[in-house]
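Residues in the sequence shown are numbered from 132 upward in steps of one, following the numbering used here.
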Amino acid sequence: MKRRRIPGLIDLFEVSDANEIKALARDPHLDRKFETPTCPINWLLLKRSLEVLSFGRHRFPTMMPREDAQRVSRQQELWNTLTEKAAAIKSGPAELEPLADWVRGVGSDAQLGILVQQLLGQLFSSRFVATEESWNAAKTLVSAPRSKNFPLMLWWFVGGKVRRAKRLLAGLVNEDLSAVNAIGIAVHNVVKSLRHMRDLYSNVELRSSLSAEAAAEQCLFAPVSVYRQATAAGQLGDCPYSRHSLFVLSIGEAAQQPEGRSLVFMEDSWSRCPANLWVPGMLQGVWDRACLSA
Ligand code: HEM
């Protein structure tokens, strides 16, 4: 755990050890309440993420506090819906053919983004149609909270690029913010999975030896990082932290460690991803379908 602290300026912890992240995820003082009256650099980081990951004064579910009743019920509801669909998608139905074909080597990277966005959008609205425009909006949305290119980001914010991207995506899914998160943010993790699956598939030996389950497991990647903020002073091991300390939990790196698998979807935490069974099931379905015609 690395601490960057200059009193009155920054108070930030960067954590990339799987066991430390698991301990912090269990800590009741760490939450996503995200109070912005804090030191300037913490404020800047939080403000930017909250600005991007909210729409019409409502935060995306991934930025909502643990105890928020609506978040909790929506998370459970979505988990129920997706888990119910997991068995069917795992069997590799026809709707996965475009993705299976892409894994076999047909189509460009940009086409993959549109195909994945289409699959995810359909989970929320049967009339959803992904286009080059909606995929470009998703790329804007994922870059804006984390990009280190500050002049470009300033240009995007001032010029309304981020606002327009969110408006476009929200308009396609009836302003359901779980859906906007899926087609604007989570879509990039699934794209990464399928890019890796195409690499695995291109290896003829792996293609015939890997089970669908093993292939899907190898294709899972966690988001790069998630934020938490301390609601009160506390201590992790021998390291004290203050109220409003900001934590960057680098789950992308930690999930690659031997004990890090549960961090891909924050499975053992209150913030568990509702797609934690649907995504691996879908990846198995794509692998099986791609191999079927090999
Ligand atoms: C490879 C794909 C995906 C990965 C790796 C992933 C990972 C995660 C992680 C780690 C979190 C917890 C964030 C935190 O602790 O602050 C999360 C939350 C969430 N994910 Fe996913 N996700 C994926 C795909 C999806 C998809 C496809 C959907 C929707 C269809 C989805 C919906 C959500 C929602 C709504 C939350 C917020 C849960 C809450 O706290 O209420 N995710 N996801």
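Backbone N, C-alpha and C fix where the C-beta goes; we use that ideal spot for every residue, glycine too.
These figures come from a predicted structure and were not determined experimentally.
- For L177, the shortest separation between its Cβ and any heavy atom of the ligand HEM does not lie below 8 angstroms.
- The residue among D142, P224, V318 with its C-alpha nearest the C-alpha of G244 is V318.
- In the structure shown, E145 adopts extended strand secondary structure according to DSSP, grouped into three states.
- Proximity to A269 across L175, P171, T362, K292 peaks at K292, based on C-alpha coordinates.
- Of all alpha-carbon atoms in V410, A361, Q201, the one lying nearest the alpha-carbon of R374 is that of A361.
- Shortest gap from the CB of S309 to any heavy atom of the ligand HEM: under 8 angstroms.
- The ligand HEM approaches P354 closely enough that one of its heavy atoms is under 8 angstroms from the residue's Cβ.
- If you draw a straight line from the Cα of G365 to the Cα of V355, it comes to about 25 angstroms.
- Apart from sequence neighbours up to five positions away, the residues of its chain that approach L377 with a beta-carbon distance below 6 angstroms are L143, N173, Q360, ordered along the chain.
- Each residue's CA atom was taken as its position, placing V183 and L246 some 24 angstroms apart.
- Under a 10 Å Cβ-count criterion, D369 is classified as exposed, with fewer than 16 other Cβ atoms of the shown protein chains found around its own Cβ.
- Counting only the Cα atoms, R403 lies some 9 angstroms from V395.
- DSSP, read as helix, strand or coil, puts R403 in coil.
- Of all alpha-carbon atoms in L250, A386, V203, Q207, the one lying nearest the alpha-carbon of I220 is that of L250.
- Straight through space, the alpha carbons of N334 and K153 are spaced by roughly 35 angstroms.
- Boundaries of the alpha helix (DSSP H) around K221: 200-221.
- In this structure, the CA atom of S265 is about 42 angstroms from the CA atom of P138.
- Within a 10 Å sphere around the beta-carbon of P411 sit 16 or more other beta-carbons, which makes this residue buried.
- Residue environment for P192: buried (at least 16 other C-beta atoms within 10 angstroms of its C-beta).
- Partner residues in the beta bridge of V379, as assigned by DSSP, are E145, Y358.
- For D162, the secondary structure class from DSSP, reduced to helix, strand or coil, is strand.
- DSSP places R298 inside the alpha helix (DSSP H), whose first and last residues are 292-303.
- For the ligand HEM, no non-hydrogen atom lies closer than 8 angstroms to the CB of L227.
- In terms of side-chain proximity, the C-beta atom of P405 is found nearer than 8 angstroms to a non-hydrogen atom of the ligand HEM.
- Burial is judged here by how many other beta carbons sit within 10 angstroms of a residue's own beta carbon; N320 has at least 16 and is buried.
- The three-state secondary structure of K178, taken from DSSP, is helix.
- Per DSSP, R338 is one residue of the alpha helix (DSSP H) stretching across 335-340.
- For L213 and W409, the gap between their C-alpha atoms comes out near 6 angstroms.
- Ranking L325, R202, I141, Q206 by CA distance to the CA of L175 puts I141 first.
- P159 has its alpha-carbon roughly 42 angstroms from the corresponding atom of T262.
- K279 sits in coil when the DSSP states are folded into three classes, being neither helix nor strand.
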